[in-house]
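Going down the list, the protein sequences come from chains L, Z, D and A. Residue 98 is where the first sequence starts when you use the working numbering, and the numbers rise one by one after that. Residue 17 is where the second sequence starts when you use the working numbering, and the numbers rise one by one after that. Residue 64 is where the third sequence starts when you use the working numbering, and the numbers rise one by one after that. Residue 10 is where the fourth sequence starts when you use the working numbering, and the numbers rise one by one after that. A virtual CB, placed ideally from N, CA and C, is assigned to each residue, including glycine. Source: prediction; values computed, not measured. Working notes, beginning with the structure itself.
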Amino acid sequence: MVSRPYYLLIRMSSGTEQREPDHVRTLGHEEYDPIGTAILIGIYFLILVLLWIFMYFVEFLGNGPTVVGMALTVVGLA
Amino acid sequence: MRISKGALLVVVAFLVPFVVEFRTALSWFGIKLSILESLALGGVLVIGLLLWAVWPEDGNGGTGAAGSS
Amino acid sequence: MNIHTYEKVWIVASMVLIVGFIATITYGAVGPGIAMIDDDGGDINPDEINDDERFAEPGVEHVGGNEYEVTVVAQAWSYTPSEIEIPANSEVTFYVTSRDVTHSFSVVGTNVNTMVVPGQVSEMTAKFDEPDEYGILCNEYCGEYHHTMEGKLNVVPEDEFDLTELSVEADDEIDAGNETTITANVTNGMQEDLETTVSLEIGNQTQEEDVTVPGDGSEEVAFTVDSADLDEGDNDWTVTVDDYEESGTLSVVTPEGNESADGGDGDA
Amino acid sequence: MRNAYLDQFPDEARVIKAAFWSSFIALAIGGVLGLVQALHRTDVFRFIQSPDYYTVLTAHGVLLVIVFTIFFLVGTFTWAVTTSLDRGVVDTRFTWAWYIMMVIGAALAGITIFSGFLESAPSILGSELNADVLFTFYAPLEAHPFFYIGLVVFVVGSWLAGVDWFRTWLAWRRENPDERIPLPTFMVLTTTLFWYICTLGVSLSILVFLLPWSLGITESVNPLLTRTMFWYFGHAVVYFWLMPAYLMWYTMLPKFSGGKLFSDPLARVVFVLFLLLSTPLGIHHQYLDPGIAEGYKFIAMTNTMFLLLPSLLTAFTVVASMEHGARQRGGEGYLGWLKALPWRDPIFTGMALAGLMFAAAGFSGMINAGMNINYLVHNTWWVVGHFHLTVGTAVALTFMAASYWFIPQLTGKELWNRSVALGQVVLWFIGMTFMTNAMHRSGLFGLPRRTAEPQYQGFDFEPAVGTVGEINMQVALGAVILTLSLALFLLNMVMTSIGSNSESIPDNTYADTLSGAEDSPRILDNLKLWTAIAVVLVIIAYTLPLASIIDAGGLFGPDIEGFRLSTWVDPAVIESLSEVIR
Numbered sequence: 098m099v100s101r102p103y104y105l106l107i108r109m110s111s112g113t114e115q116r117e118p119d120h121v122r123t124l125g126h127e128e129y130d131p132i133g134t135a136i137l138i139g140i141y142f143l144i145l146v147l148l149w150i151f152m153y154f155v156e157f158l159g160n161g162p163t164v165v166g167m168a169l170t171v172v173g174l175a
Numbered sequence: 017m018r019i020s021k022g023a024l025l026v027v028v029a030f031l032v033p034f035v036v037e038f039r040t041a042l043s044w045f046g047i048k049l050s051i052l053e054s055l056a057l058g059g060v061l062v063i064g065l066l067l068w069a070v071w072p073e074d075g076n077g078g079t080g081a082a083g084s085s
Numbered sequence: 064m065n066i067h068t069y070e071k072v073w074i075v076a077s078m079v080l081i082v083g084f085i086a087t088i089t090y091g092a093v094g095p096g097i098a099m100i101d102d103d104g105g106d107i108n109p110d111e112i113n114d115d116e117r118f119a120e121p122g123v124e125h126v127g128g129n130e131y132e133v134t135v136v137a138q139a140w141s142y143t144p145s146e147i148e149i150p151a152n153s154e155v156t157f158y159v160t161s162r163d164v165t166h167s168f169s170v171v172g173t174n175v176n177t178m179v180v181p182g183q184v185s186e187m188t189a190k191f192d193e194p195d196e197y198g199i200l201c202n203e204y205c206g207e208y209h210h211t212m213e214g215k216l217n218v219v220p221e222d223e224f225d226l227t228e229l230s231v232e233a234d235d236e237i238d239a240g241n242e243t244t245i246t247a248n249v250t251n252g253m254q255e256d257l258e259t260t261v262s263l264e265i266g267n268q269t270q271e272e273d274v275t276v277p278g279d280g281s282e283e284v285a286f287t288v289d290s291a292d293l294d295e296g297d298n299d300w301t302v303t304v305d306d307y308e309e310s311g312t313l314s315v316v317t318p319e320g321n322e323s324a325d326g327g328d329g330d331a
Numbered sequence: 010m011r012n013a014y015l016d017q018f019p020d021e022a023r024v025i026k027a028a029f030w031s032s033f034i035a036l037a038i039g040g041v042l043g044l045v046q047a048l049h050r051t052d053v054f055r056f057i058q059s060p061d062y063y064t065v066l067t068a069h070g071v072l073l074v075i076v077f078t079i080f081f082l083v084g085t086f087t088w089a090v091t092t093s094l095d096r097g098v099v100d101t102r103f104t105w106a107w108y109i110m111m112v113i114g115a116a117l118a119g120i121t122i123f124s125g126f127l128e129s130a131p132s133i134l135g136s137e138l139n140a141d142v143l144f145t146f147y148a149p150l151e152a153h154p155f156f157y158i159g160l161v162v163f164v165v166g167s168w169l170a171g172v173d174w175f176r177t178w179l180a181w182r183r184e185n186p187d188e189r190i191p192l193p194t195f196m197v198l199t200t201t202l203f204w205y206i207c208t209l210g211v212s213l214s215i216l217v218f219l220l221p222w223s224l225g226i227t228e229s230v231n232p233l234l235t236r237t238m239f240w241y242f243g244h245a246v247v248y249f250w251l252m253p254a255y256l257m258w259y260t261m262l263p264k265f266s267g268g269k270l271f272s273d274p275l276a277r278v279v280f281v282l283f284l285l286l287s288t289p290l291g292i293h294h295q296y297l298d299p300g301i302a303e304g305y306k307f308i309a310m311t312n313t314m315f316l317l318l319p320s321l322l323t324a325f326t327v328v329a330s331m332e333h334g335a336r337q338r339g340g341e342g343y344l345g346w347l348k349a350l351p352w353r354d355p356i357f358t359g360m361a362l363a364g365l366m367f368a369a370a371g372f373s374g375m376i377n378a379g380m381n382i383n384y385l386v387h388n389t390w391w392v393v394g395h396f397h398l399t400v401g402t403a404v405a406l407t408f409m410a411a412s413y414w415f416i417p418q419l420t421g422k423e424l425w426n427r428s429v430a431l432g433q434v435v436l437w438f439i440g441m442t443f444m445t446n447a448m449h450r451s452g453l454f455g456l457p458r459r460t461a462e463p464q465y466q467g468f469d470f471e472p473a474v475g476t477v478g479e480i481n482m483q484v485a486l487g488a489v490i491l492t493l494s495l496a497l498f499l500l501n502m503v504m505t506s507i508g509s510n511s512e513s514i515p516d517n518t519y520a521d522t523l524s525g526a527e528d529s530p531r532i533l534d535n536l537k538l539w540t541a542i543a544v545v546l547v548i549i550a551y552t553l554p555l556a557s558i559i560d561a562g563g564l565f566g567p568d569i570e571g572f573r574l575s576t577w578v579d580p581a582v583i584e585s586l587s588e589v590i591r
């Protein structure tokens, strides 16, 4: 029923796993690609970028008047 | 059941931030939902979700990963 | 180290995000020229606020052109002045300090917002392009009536704004037959000269005089009033400069021992 | 044979249990006070006077962000050290000593705060007993000396807890000279190190300036200096609360998901970054403070932004570990694996929802960190929304979920009701959604935080979206749901504790790793090196700002006396003010 070679059907010996009857296979580091994680975190990245742009350029810069420098202050430290 | 009861509960819970934030987001585009409309939208989504969840899965009928709980 | 490819990609993406944030903020500082509140305001001893050149008389001052300075003293639980009026299309530098505990000076619905720490002067400059009315509130806890600490900032149309002040010196009474002077003192807080007309209405008479009040100066206009032109008893007068006016009453009295003494001083 | 924590370390289990219960008591009181505030300031239901609101707020803040979190932390860390080193603490009497010290400190500060409710508080040491100064106790607002003493005693207690963990680790090191530090212990030690670094600031501020001043020994303080020293500690402390939650996400959540931790080396890197960067960024809380040059604020901002990195890395590692679990449980597809996660399990679900809320908090935190954008949100309700997502959800919800695992481990009794527990964590999530969404939105139009009645005479707020009334309703609704959730949690804890012994408690273990410690360079374990770099970074970030503040205002400020605004005010002033208010 499970076709891919690295899906090993095992029973965990550890007592903690007794509550996990649906543990069906064991994946090692090499054969596991967290593709779902990559997708989720990609979505998160997009949300962050879009909301940042919205917050900075629409909400913040649109919320004037704003404190401005008498002369242009150039921040160049660090 | 297409989804475990626990997962269903969590998905229903997720609808709350979805509707709340969706309402906020819509208003940026000038679409303003009243509280009643938002509640109705939430209700429709919950019912839709419940129907989807209890509808028998068509095609290959495994019980799914978490069907046992 | 054994780092998965996806994770490497994510580390790079995270760094891009971080650098992008810093770049946006730097753009805000350089492009629109947004400055942070900093140590330019200097420090001040809270006990000496009343003796301080800047804070002794808090309020609006004209610097020149469209530049203004507003000094504000915050204390539990009010601002002095509590209502600020400035013209539209102006560049305003606020100086705010605290007499007692930490407050804030936050103009609601704008990005003009600073902490007010005792011992420090918060200095910030902002441009007000359009007429509007803003609330000011304290957003730092400053004691049990913190929530009552508020003020107002009114940005009025340019042509409705001036820093003119009018004060009038006048006698209360004048002996019949004599002359007196009503002196109007017009102060001009703006740096430019103010050309205006001072007028006095008394009885059914009107006197007018055109004056030029120098920038940041004052001018006195003296109107001579002859009791002969007035009714016996109380005469209401009004001095007007632009939108400002001051009123009073001048009583014409008959000096004692005068021939018309008919058992009563005037209409008392 | 049962092998719960209680069976392995019965003596330590008793101390940890005591610490957890101290934490729960603070949570219960602080949580109820939160409801009082939410209903009061939204004008839904007012039964206290507005001046008392600030006493409530002080108690809510101190009890939840100091007492609740840190008691839970010391319990968790003691568990983590003993479990991962597989040895008990060196001497439980010492463990009890620091625990009792922390209790005394918390009680002293707590009693002082609560005296603020009394009509006429007792006068001790020459001043009235109260501390309406909020969690930040900015001078020259002045609290009773007992408040400061209580805080210091509590913090010193936590220092001794750190000594206890280090001692235990050193004892283990002698027995295992060549082994890598187990990951949970590594996390505990790095966190403790930055706790030492950051609390130095606030302790000095209290011991050198605030306490002598409140006792009348010194005459004056420099408000900007004590404020800066507070924030030197004030942001690192939020990472201190967060680290036990991170520890749970890294070392327990993968196991509850049915998988293993994706990467031990990266977990170590993350904690090293926290050690390095947690402290030299406190000035980002002072972006709008006068008296601090823009350059220092910019440095604090870059440090803050780079501190996003460990949290972003954590997001990946933790989600990947969950996915690993889901796939081992048979999950398939790009996102279909999400269905295979154990959503029935309140421990897993609570932690997963907490992590999700933390992702949202990450965004509002980025806004807070963005120096000039801070003008928009500084001291508005936005900030309150932010930290109710972080400490109020990421931390609190993780702690509550973890308690469903810990309490059975520590008592040998089975959890009273798993369904109630599941409902509880979901309710917390829903309540927080309502509350924080409204708070964030209201910040954008300038609704202030820390204000009993944000209803002003001279002006109204102009929300771009919705109405103020709607915002208030949402917050009140959220607060009620949260209180209900809190009550269910406490009920479950009490019922579990009075239940009967069970033999079916799972073993006390923590998650395995896919990529273990052997994959990480040994230098990561060199705590001396990282501490030294952390200290250098602190010196770079703070020497110049502190020097210029002291240079301008002097160590003790320009003759600034204390203000105890609750007792100092002339009653006539209050009378006339309340006239105005009516």
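- Of the other Cβ atoms in all chains shown, 16 or more fall within 10 Å of the Cβ of N298/D; this residue is therefore buried.
- Distance check between A302/A and each of E196/D, G240/D, G105/D places G105/D closest, using alpha-carbon atoms only.
- Contacts with chain Z at 8 Å (Cβ-Cβ) include G475/A.
- DSSP assignment within the segment 142-175 of chain D yields the following whole beta strand (DSSP E) runs of 3 residues or more, N-terminal first: 146-150, 153-161, 166-170.
- With three or more CB-CB distances shorter than 8 Å, the segment 107-124 of chain A counts as touching the segment 159-174 of chain A.
- Rounded to the nearest whole angstrom, the CA to CA distance from M196/A to L49/Z is 47 Å.
- Chain D has a Cβ within less than 8 Å of the Cβ of D568/A.
- The residue from I548/A, L406/A, A556/A with its alpha-carbon nearest to that of A363/A is L406/A.
- Of all residues in the segment 30-57 of chain Z, only V32, P33, V36, E37, T40, S43, W44, K48, I51 place a beta-carbon less than 8 Å from a beta-carbon of chain A.
- Taking the Cα positions, T134/D is about 26 Å away from V304/D.
- Here L316/A is buried: its Cβ has 16 or more other Cβ atoms, across all protein chains shown, within 10 Å.
- Taking C-beta atoms as the reference points, N176/D and H387/A count as a pair closer than 8 Å.
- According to the DSSP assignment, Y141/L belongs to the alpha helix (DSSP H) that extends over 132-150.
- The beta carbon of M78/D does not come within 8 Å of any beta carbon belonging to chain L, so the residue lies off that interface.
- Three or more beta-carbon pairs separated by less than 8 Å are not found between the segment 293-301 of chain A and the segment 397-417 of chain A, which leaves the two stretches without contact.
- For N298/D, there is no enclosing alpha helix (DSSP H); the residue is found in the beta strand (DSSP E) stretching over 296-304.
- At least one CB of chain D lies nearer than 8 Å to the CB of T460/A.
- Contact with chain A is found for V26/Z, since one of that chain's Cβ atoms lies less than 8 Å from the residue's Cβ.
- Under the 10 Å beta carbon count, N267/D is surrounded by fewer than 16 other beta carbons and is classified as exposed.
- Bounds of the alpha helix (DSSP H) holding I120/A are 101-123.
- Cβ-Cβ distances below 8 Å link S511/A to P417, G421, K422, E423 in the same chain, with the five nearest sequence neighbours on each side left out; the list follows chain order.
- Taking 9 Å as the cut-off between beta carbons, the residues of the segment 479-500 of chain A near chain Z are E479, M482, Q483, in sequence order.
- Taking 8 Å as the cut-off, the beta carbon of G562/A is found closer than this to the beta carbon of L234/A.
- The beta-carbon of Q418/A is placed no less than 8 Å from the nearest beta-carbon of chain D.
- Contacts with chain D at 8 Å (Cβ-Cβ) do not include Y141/L.
- The segment 184-196 of chain A makes contact with the segment 87-102 of chain A: 3 or more CB pairs, one atom from each, lie closer than 8 Å.
- K537/A counts as exposed, since fewer than 16 other C-beta atoms from the protein chains shown sit within 10 angstroms of its C-beta.
- In the DSSP annotation of this structure, the continuous segment of the alpha helix (DSSP H) that includes M448/A starts and ends at 427-453.
- Taking A369/A as the centre and dropping the five residues before and after it, the same chain places the C-beta of L398 closer than 7 Å to its C-beta, in chain order.
- The DSSP-derived three-state label of F280/A is helix.
- Nearest to Y384/A by alpha-carbon distance, out of V171/D, A86/D, S141/D, E154/D, is V171/D.
- Under the three-state reduction of DSSP output, F54/A falls in the coil class, being neither helix nor strand.
- Excluding five sequence positions before and after G508/A, the CB atoms of its chain that fall closer than 7 Å to its own CB belong to K422, E423, W425, given in chain order.
- Setting aside the 5 residues that flank it on each side, L497/A is surrounded in the same chain by V429, Q433, each with a C-beta closer than 6 Å to its C-beta; the list follows chain order.
- At least 8 Å separates the CB of A69/Z from every CB of chain A.
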